[in-house]
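Peer 1: When you number the sequence shown by our numbering, it's gap-free, plus one each residue, and the end is 1445. Using N, Cα and C, we set each Cβ at its ideal position, and we do this for glycine too. What you are looking at is a predicted structure, and each value in this text was computed from that prediction instead of being measured. Let me begin by handing over the structure; questions about it come next.
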Amino acid sequence: MAERPFALAVPVRRWLLHRLAAAAVVTGCLWTLVPTDRYDVPARDGVQAMLWPLAPALFTAVLPACLGTAAGPFERTVRDPGRLRLLVTGAVVALAFGVALCGAAVSPAMAFRNTALLVGLAFLGTVFLPAGAAWAPAVFVPVLMWLTGTRATGRAYPWAVLLAPPASAAGALSAVVLAAGVVAYVVRGPAPIR
């Protein structure tokens, strides 16, 4: 029985889940502090209150670094690395939706949709990009949507999923991206370190 807690401590340390948990707490606190009322954004005529939906990007920027550490001798010596990745994936998704709960007080649909999309992109980046670039999809997609995703009237383009109104059909796309990222990570694991 004494070996069981130690056995759980190894993946927590190996996948840097303690750092990911700290990022989740910081993101959750910042998300609750970001003003949600409408305000004019400087140098963006007609754009109001578009910063709030991008808060999960802070959490997902850390995610590939934590997931990417699995590509090492530890995972290769485990009897069933897919099962271990599934366990870690469950912990990551639980932390991500804990972060989304912080934004759910204002807009649950938008909070969960944006968190799911960005976590899915982080998983996909970890699987298909080298370790040094795995963070790029989770960081550059929100930046791209923020800079170019709104019309002059302040309304979001259909492709700017993170800025879309809560009632849009973007939630289905986010669920597909999350599912694809989780399945790819559990099946393939992180991109090998070269």
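Using DSSP with H/G/I as helix, E/B as strand and the rest coil, what is Thr1404?
Peer 2: Coil at Thr1404, not helix or strand.
Peer 1: Is it buried or exposed for Phe1391, if we count other Cβ within 10 angstroms and need 16 for buried?
Peer 2: Exposed, by the Cβ-count rule.
Peer 1: Is the closest heavy atom of the ligand ATP to the C-beta of Thr1283 under 6 Å?
Peer 2: For the ligand ATP, the structure offers nothing, since it holds no ligand at all.
Peer 1: Straight-line CA distance for Met1361 to Leu1281?
Peer 2: Using only the alpha carbons, I get a separation of about 16 Å.
Peer 1: Which whole-angstrom value describes the C-beta separation of Thr1377 and Pro1332, a residue pair presumed to lie in contact below a C-beta threshold of 8 Å?
Peer 2: The Cβ separation is near 14 Å, so there is no contact.
Peer 1: Report the residue from Ala1272, His1269, Arg1336 and Arg1270 whose alpha carbon sits nearest the alpha carbon of Arg1439.
Peer 2: It is Arg1336 whose Cα lies nearest to the Cα of Arg1439.
Peer 1: Contact between the region 1356-1376 and the region 1309-1318: three or more CB pairs below 8 Å?
Peer 2: Yes: at least three Cβ pairs fall under 8 Å.
Peer 1: If you count every other CB in all the chains shown that lies within 10 Å of the CB of Val1437, and 16 or more means buried, which is it?
Peer 2: Val1437 comes out buried.
Peer 1: Can you tell me which of Leu1380, Ala1345 and Pro1393 puts its alpha carbon nearest to the alpha carbon of Ala1306?
Peer 2: Checking every option, the nearest Cα to that of Ala1306 belongs to Pro1393.
Peer 1: Counting C-beta neighbours from all protein chains within 10 Å, is the total for Val1428 16 or more, i.e. buried, or is it exposed?
Peer 2: Val1428 should be labelled buried.
Peer 1: Excluding the 5 residues preceding and the 5 following Leu1375 in the sequence, name in chain order all residues of the same chain whose CB lies nearer than 7 Å to its CB.
Peer 2: So the qualifying residues of the chain are Pro1388, Ala1431, Gly1432 and Ala1435.
Peer 1: Of all the options Arg1330, Leu1284 and Gly1279, which has the alpha carbon lying nearest to the alpha carbon of Ala1308?
Peer 2: The shortest Cα separation from Ala1308 among Arg1330, Leu1284 and Gly1279 belongs to Gly1279.
Peer 1: Work out the CA separation of Pro1417 and Trp1410 for me, nearest whole Å.
Peer 2: Taking the straight line from one Cα to the other gives about 14 Å.
Peer 1: Under 7 Å between the Cβ atoms of Leu1414 and Pro1304?
Peer 2: Cβ atoms of Leu1414 and Pro1304: closer than 7 Å.
Peer 1: According to DSSP, is Leu1314 helix, strand or coil?
Peer 2: The answer is helix: DSSP assigns Leu1314 an H, G or I state.
Peer 1: Roughly how many angstroms lie between the CA atoms of Ala1347 and Arg1334, to the nearest whole one?
Peer 2: Distance between the alpha carbons of Ala1347 and Arg1334: 20 Å.
Peer 1: Would you tell me roughly how many angstroms separate the C-alpha atoms of Arg1406 and Met1396, rounded to the nearest one?
Peer 2: In a straight line, the C-alpha of Arg1406 is about 12 Å away from that of Met1396.
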